[in-house]
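Residue numbers (this note's numbering): 56 to 207. Here is the structure we will look at.
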């Protein structure tokens, strides 16, 4: 049977650096671009850099969906960023809406620590574990948990 892998455009947005990748649901990364976030320049600058890298990767590889890992606080379902301490000016930024409009593909936004917990649970050191705690020590600090197979 023929299986087509979903191509994912991923964003890892942090206060120090931002990475943009194309990969698949198996966790394999096909292409990657990284740049200093220059968070002090605000969300407009950072989002324009993210879109520039994304368009470059999309023109070469394409993608079916976009996924963003970013520190909170945030409203994940809405994809709205609510002022993370390490991202000055990111107060009530509708990131999901912006990415969907500019890139023309569905977008999802989640807390970076939850993304890390899921990645370790699916492909990494926590594979097969029922309970996982994942910490993100970086410019900020966050935690994602999987308890009894549920993400928190």
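In this text, a Cβ means the ideal position worked out from N, Cα and C, and glycines have one as well. Owing to the predicted nature of the structure, the values given are computational and were not obtained by experimental measurement.
Exercise for the section: Report yes or no: do the segment 145-161 and the segment 182-193 share at least 3 C-beta pairs separated by less than 8 Å? Expected result: no
Exercise for the section: Below 8 Å CB to CB, which residues in the same chain sit around residue 176 once its five sequence neighbours on both sides are set aside? Expected result: As a position in the chain shown, residue 176 is number 121, starting the count at 1. Same-chain partners within the cutoff: 182, 184, 187, 201.
Handout entry: Through-space distance from residue 82 to residue 174, alpha-carbon basis
Key = Walking along the chain shown from the start, residue 174 turns up at place 119. Walking along the chain shown from the start, residue 82 turns up at place 27. Cα-Cα distance, rounded: 8 Å.
Practice task
Spatial neighbours of residue 20 within its chain, please: CB distance less than 7 Å, with the 5 preceding and 5 following residues excluded, ordered by chain position.
Solution key: The question about residue 20 has no answer, for the chain in this structure spans 56 to 207.
Practice task
Examine the Cβ distances between the segment 163-171 and the segment 105-116 and report whether three or more of them are shorter than 8 Å.
Solution key: no
Exercise for the section: Work out the CA separation of residue 122 and residue 74 for me, nearest whole Å. Expected result: Within the chain shown, numbered from 1, the residue matching residue 74 stands at position 19. Within the chain shown, numbered from 1, the residue matching residue 122 stands at position 67. Their Cα atoms are separated by approximately 12 Å.
Practice task
Report the partner residues of residue 72 according to the DSSP bridge assignment.
Solution key: Position 17 of the chain shown holds residue 72. Residue 72 is bridged to 91.
Exercise for the section: Could you spell out the range, first to last residue, of the beta strand (DSSP E) harbouring residue 113? Expected result: The residue labelled residue 113 in the question sits at position 58 within the chain shown. Unbroken run through residue 113 is the alpha helix (DSSP H), 98-116; no beta strand (DSSP E).
Exercise for the section: Let me know the secondary structure DSSP gives residue 153 once reduced to three states. Expected result: Taking the first residue of the chain shown as 1, we reach residue 153 at position 98. In the structure shown, residue 153 sits in a helix (DSSP, three-state: H, G or I).
Problem - Proximal residues to residue 134 (C-beta, below 6 Å), its chain only, five neighbours per side dropped - result: Looking up residue 134 in the chain shown gives position 79. Counting only residues of its own chain and dropping the five nearest sequence neighbours on each side, residue 134 has a CB closer than 6 Å to the CB of 150, 151, 164.
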